[in-house]
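Residue numbers (this note's numbering), protein chains in the order written: chain A, 5 to 302; chain B, 5 to 302.
Here it is in structure tokens:
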């Protein structure tokens, strides 16, 4: 399993699909839609769409399954992008740099960025429900919409974000940090995998295993984010390095030190792969993605 | 048709449904969900949910149709509430008062209000897709989700809001003001009516007529908002009176004067009722709602 070429090829497929399924920037709201495009096409890793497609492929080798799920994959990236735009706002993390580029509000103003985020979130649900963009039957669509809304909402990603903001510059136990990570980052990662699995017709048992896999790689992903924030340079990251410390955010390295944090990230990756024991070769991309999440450098 | 008692009884039904379908404020995100509740239960008129239910009843006299559509009605109110929270933010209209109460960001901070809005929008789509909260079949659910997402998104409500913000303190032609009104206010009003009609199994022809009705009452609604902003007191409105002038916002009265503006609002109401010519007594609430929108005082 050559993960780099796998990621490259899947990224190209996702980029092309985003171009296809994204609203074109036309009047009367051209500038607004351009602001949506700016962040959506700012060079994301497309991890969530790829996880969605890889989860689908792990249970279903129908060659059509990927194209059937591309609108779902694109919707996930729209939601992830909206969350980054809102996180970067002055009233939130106040970041000027993201993926090596100026953040939305530095270019479009606070109101422009806020509304670009609102529209990306809403457009995600438009894509998930548009007539004719997929052969997914309505009952699967509704189930996927619910999994994604639940993962992205008050008991998932946004909930985690509120707790992250509320606990800046405060001492709190490791359990709070784990709740933040599980929701702010983990929920949409697991939701992406669940959405792909539902779309591909996975059994309840397989979905349960994939949820464990998702929770574990989500944890690993966020621990590695903490590590990179503490150890990499701004140039390597494409966003402000060391910002967690500056902002008084609790992180895994602050609790456990660098070495023990690395060990825990690796353990989470091993746990993720163990959850896939009953899966055959079709889950090899998921296994390789788990390793990649641990070894990535930005 | 006694519109006041009709509105009162429907409002009670909607309030009860909102209590039922809203996420309870429980840990670990209790404070966040309480911020969602604060704005959702701050005394809204519930016009959009009521229009959704009235549109459904205008084409279908099954006594079950109302309860079937209550989750949809509640989702519409969640979306409307999120839009008000974001509109009131300091980077947008910077309003301290809404419905006679402190706005979300004055109580929960900018980040808290922003995220409460994000969660209300996402929760709307959760409600629209939850298993078991309605007997609406999946194909109708997907169609309703798409109508609502389209109305609320970049080519609807949010698009209109971007144009409103972009044109503050600027001279522009009446066509721009009409585009702002049609999208910022009109799109979700028409979307609410369409959602109800689809849920009730209206024919394509009936849906087309209801869309015309919706567009016309949406226009009248916004023109009356402009009039009230110019002529009523802050106490009557429950929000800052005269703020359009202070902010350099174009309005119907600024273009046409008070009298001609009143005439146009009334004309829109008449056009709305004309669109319902082919509808029987079951559309009487819609007819009365059109009159109410013209005569309301806040």
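From the three backbone atoms N, C-alpha and C, an ideal C-beta is built for every residue, glycine too. Here the structure is a predicted model, which is why all the values come from computation and not from measurement.
N-terminal and C-terminal residue of the alpha helix (DSSP H) that residue i is part of
| i | result |
| --- | --- |
| residue 218 of chain A | 208-235 |
| residue 150 of chain A | 142-156 |
| residue 259 of chain B | 256-278 |
| residue 28 of chain B | Unbroken run through residue 28 of chain B: none, as it is neither H nor E. |
| residue 289 of chain B | 288-299 |
| residue 195 of chain B | 191-203 |
| residue 179 of chain A | 178-185 |
| residue 164 of chain A | 161-170 |
| residue 135 of chain A | First-last for residue 135 of chain A: undefined, no H or E at that position. |
| residue 305 of chain B | The requested residue 305 of chain B is not part of the displayed model; chain B covers only 5 to 302. |
Chain B contact for residue i (CB, 7 Å cutoff)
| i | result |
| --- | --- |
| residue 195 of chain A | no |
| residue 142 of chain A | yes |
| residue 157 of chain A | yes |
| residue 177 of chain A | no |
| residue 235 of chain A | no |
| residue 183 of chain A | yes |
| residue 163 of chain A | yes |
| residue 300 of chain A | no |
| residue 89 of chain A | no |
| residue 153 of chain A | yes |
| residue 95 of chain A | yes |
| residue 169 of chain A | yes |
Short CB-CB distance (under 7 Å) between residue i and chain A
| i | result |
| --- | --- |
| residue 114 of chain B | yes |
| residue 145 of chain B | yes |
| residue 4 of chain B | The question about residue 4 of chain B has no answer, for chain B in this structure spans 5 to 302. |
| residue 207 of chain B | no |
| residue 119 of chain B | yes |
| residue 166 of chain B | yes |
On the three-pair Cβ rule with 8 Å, is the region 193-202 of chain A touching the region 151-170 of chain A?
yes
Completely contained alpha helix (DSSP H) runs for the region 31-112 of chain B, where each covers 4 or more residues
34-44, 51-63 and 69-92
Scan the region 123-141 of chain B for residues whose Cβ lies nearer than 9 Å to a Cβ of chain A and list them as they occur along the chain.
123, 124, 125, 126, 127, 128, 129, 130, 131, 132, 133, 134, 135 and 141
Mind listing which residues of the region 16-36 of chain B have their C-beta closer than 8 Å to chain A's C-betas, in chain order?
27, 32, 33, 35 and 36
With contact counted as at least three CB pairs below 8 Å, one residue from each stretch, are the region 91-110 of chain B and the region 47-57 of chain B in contact?
yes
Using a Cβ distance threshold of 8 Å, determine whether the region 54-71 of chain B contacts the region 8-17 of chain B, with at least three qualifying pairs required.
yes
Assess, as a yes-or-no matter, whether the region 77-90 of chain B is touched by the region 117-137 of chain B under the definition of 3 or more beta carbon pairs within less than 8 Å.
yes
contact_flag[the region 112-121 of chain A, the region 159-166 of chain A] where n(CB pairs < 8 Å) is 3 or more:
no
Any contact of the region 275-291 of chain B with the region 228-236 of chain B, i.e. 3+ C-beta pairs under 8 Å?
no
Residues of the region 39-52 of chain A with a CB closer than 7 Å to any CB of chain B: list them in chain order, please.
40
Spell out a yes or no on whether the region 244-255 of chain B and the region 168-186 of chain B are touching, meaning 3 or more CB-CB pairs, one atom from each, closer than 8 Å.
yes
Pair every Cβ in the region 61-68 of chain A with every Cβ in the region 202-210 of chain A, then say whether three or more of these pairs are closer than 8 Å.
yes
At least three beta-carbon pairs within less than 8 Å, the region 87-97 of chain A to the region 18-33 of chain B:
no
Okay, do the region 133-148 of chain A and the region 179-188 of chain A touch, 3+ Cβ pairs below 8 Å being the bar?
no
Any chance the region 259-279 of chain B sits against the region 34-45 of chain B, with 3 or more Cβ pairs inside 8 Å?
no
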